[in-house]
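Here the UniProt record's numbering is used: the first residue of the sequence shown is 1, the next is one more, and so on. Input: a single structure, listed below in structure tokens.
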Amino acid sequence: MLGLLLVGYLLRESQCRMLALSIAVVVLGLQVASSPLGAAVQVPLSMQGDVPEALDISRPKKLHGRFLHITDIHPDGHYKAHAAESKACHRKNPKKKSKNVSGYYGTSYSECDSSFRLSNFTLDYLAENWASEIDFVVWTGDSARHDNDHQLPRTPDEIFDLNRAVTAKMESVFTHRGIPVVPSLGKPISNPCSVLSVSPLARFSAPLYVLPYELTLITPSFVLADLGFTNSHSPLPSPLFPFAAHNILEPGPNRVTTEFTSIWKSFIPFNYRQVFHRGAYYSSEVVPNQLAIIALNTLYFYDSNKAVNGCPYNDPDDPGNLELDWLEVRLQEYLERDMQVWITGHVPPSPGNYFPECFVRYVELALRYQNVVLGHLFGHMNVDHFFFLESIDLEIIPESKKAVRTAGNDLALYNVLLEEFAALPTNKKINLDEYAAVNVAPSVVPNYLPSFRIFSYNVTDTLDSIEPEGGKKKKKPAPKKPPKRKHGHRRGERGDKDKHCTEEKYQNSWKCHLDEPWNSDENSPSRTNRFWSPLGYAQYIMPNLDEANKTHPPVFELEYVTFPVEMLQAEAERDNFLIPARHLPGELLAENTTKSKFAPYSLPDLTIPSWVRLAKRIADEKRVKLRKRFKKYMFSGGY
């Protein structure tokens, strides 16, 4: 068996050396290329200027009450105009004339990544139009091309170089202007020459090969048996039957955390660098002592990462558990300091994305600290949508139906969300202590249309507690135990924890060990509009990407806002509130306008009650027009 492993390893090492030689030849060829297609590759991301140390944000500054959420840029230096989509927009198809060819700046509704032109244009546009009007930037990962071309497999060095280039551009656009940027780790490793240890999962040292394209091959059972495994999902490959192991990140410190500690040194506060070097997560106080952004490493929760155990209760050293322990400490600290927090990351927290035990722990922390967490911002899916974390996810429900799964960028997700929204309790029965809203932003990479969001948040109210109707301040309630829920909930009948937690199947589940009091408060900024509360966002898209060329560059246009029209009109002339008038179409600001296609939701704010009300409206079968709008925005009109 060891002989087979050694032979497989040597074969792969030989292939890697040949691959490295081929890549070197390709790079040299690109450097001397003089054809238009060759020139198209040479649109480097800006890397001018020294890389600064972490930004000093301790100095007071005027708050605009806005921030940028940008995600999934995926720049691709191999992108070529007039190439075949079927070839990842890297080259023409020699066998047949392609009907779908790539555009000069990019290719919408495709699997192709962002050209450097598109990446540069987007960040230059933000520099010119938004950098002076926002307070900070939430950047939820992926800044390297996908590994979707077996003729041009990604290498770790390429991934790190692309991230360095995008980071340098971010620094030039934002950091040098004094604007904090808070990036979170995407999916950095996916290549055939990466050899990672899988000891945290298997307690066995063996090479792990990552193939450059999607491949599903089953490792023969006799090989697994020889290695001590009994299922086909083992992370250990057979040297004769390798399988694709994408999205792998081993426990840190490792090369990935070391490289990104260096690449993001201008973003990561000094006091968090050791933490980041270990686990690739950290926190940044974008408004010191008042507002923080927590940037998670979701790869330690992501169920595609076979190098971790998935947060089991009986493995406290699992990297996912260590990260969630750290998150709990941070949230408790911010609670005690009376601060507010946004939690951000790449892969959204859902049963379809996270290991079950990681998901349970995340939901429990989100609900326990609902009065501290303003919201949850994620990327990865490329689809504009929102969903809820709910206390029912902490219950034991034998043979329950599955919860919302944000597991695919297709129409199925839309239908699942409609079902989930329709199953929300009535206004009389719903307990908002049991909910948290997750926002998933669309991407810059044009799987649909390039997009970004500008959020507005409340910086006009005082930091004192808001007085409820009746005149007196409402006393802050004591922490609550997670509320008991009635039987007949939409996900099936709940089991009795006292009974089920004695069973072997459940006794080592986090569901049987999470009983800390909750800190819910209906007067917190996540529940009612007050200082720091999210008020809404404006989403911008690039509708003319395919038509753009050398003489006619693309444009970003408003797709929609979440605000009511009258709210925008009342505040249009104020410099520090909502969206500046110059970034809005005239239709929204016209005197007699009460409704607009740009304002379909009319949300007064983005607190949890507002998200729940919107979900119920979308679930109403009679609201056909609203449903169509929601579906259109999910896929930028792609369905």
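Ideal placement from N, C-alpha and C gives every residue a C-beta, glycine not left out.
One thing to note: SER596 has its Cβ no nearer than 8 Å to the Cβ of PRO604. Note on THR502: under 16 other CB atoms within 10 angstroms of its CB, so exposed under the neighbour-count rule. Distance from SER119 to PRO75 at the Cβ level is roughly 4 Å; contact confirmed, criterion being Cβ atoms closer than 8 Å. THR257 sits close to PHE276, with the two beta carbons spaced by under 8 Å. Put simply, the backbone Cα of LEU449 is about 28 Å away from that of ILE248. Here ALA423 is exposed: its Cβ has fewer than 16 other Cβ atoms, across all protein chains shown, within 10 Å. Assignment of THR562 by DSSP, reduced to helix, strand and coil, places it in the coil class. For the pair HIS513 and VAL438, the CB atoms are not nearer than the 8 Å cut-off. The beta carbons of LEU367 and LEU389 sit closer together than 8 Å. For TRP611, the uninterrupted alpha helix (DSSP H) run begins and ends at 608-619, by DSSP. The residue among LYS61, ARG66 and GLN569 with its C-alpha nearest the C-alpha of ASN458 is ARG66. Between the alpha carbons of ILE343 and ILE263 lies a distance of about 22 Å. DSSP places VAL383 outside any alpha helix (DSSP H), giving it a letter other than H or E.
The residue among ILE134, PHE136, LYS96 and GLY345 with its C-alpha nearest the C-alpha of TYR282 is GLY345.
By DSSP's assignment, ASN439 forms a beta bridge with LEU377 and PHE386. The alpha-carbon of ASP498 is positioned some 55 Å away from that of LYS169. Distances from the CA of ARG177 to each of ASP135, VAL166 and GLU420 were compared; the closest alpha carbon is that of ASP135.
LEU418 and ALA619 have their C-alpha atoms roughly 5 Å apart. DSSP, reduced to helix, strand and coil, places PHE276 within a helical segment of the structure shown.
ARG66 is bridged by DSSP to SER456. Within 10 angstroms of the beta-carbon of LEU291 lie 16 or more other beta-carbons, which makes it buried. Rounded to the nearest angstrom, the Cβ distance from PRO351 to PHE378 is 15 Å, too far for a contact under 8 Å. Taken atom to atom, the span from the alpha-carbon of TYR369 to that of HIS583 is near 35 Å. With a contact defined as Cβ atoms closer than 8 Å, PRO153 and ASP147 qualify at about 6 Å. According to the DSSP assignment, THR344 belongs to the beta strand (DSSP E) that extends over 340-344. If you compare the alpha carbons of THR593, LYS97 and CYS112 with that of CYS89, the shortest gap goes to CYS112. About 5 Å separates the Cβ atoms of VAL561 and ALA538, confirming a contact at the 8 Å cut-off.
Residue pairing from DSSP leaves TRP130 without any beta-bridge partner.
Per DSSP, reduced to three states, the secondary structure at PRO94 is coil, with no helix or strand assignment. In this chain, GLU285 is not harboured by any alpha helix (DSSP H); it is covered by the beta strand (DSSP E) spanning 282-287. Nearest to PRO534 by alpha-carbon distance, out of TYR414, HIS150 and THR607, is THR607. For GLY320, no beta strand (DSSP E) segment is defined; the enclosing uninterrupted segment is the alpha helix (DSSP H) at 319-336.
Nearest to VAL287 by C-alpha distance, out of GLY310, ASN447 and VAL181, is VAL181. Between GLY141 and SER184, the gap from beta carbon to beta carbon is short of 8 Å.
Looking at the DSSP output, PHE136 bridges to PHE67. ALA615 and ASP433 have their C-alpha atoms some 17 Å from each other.
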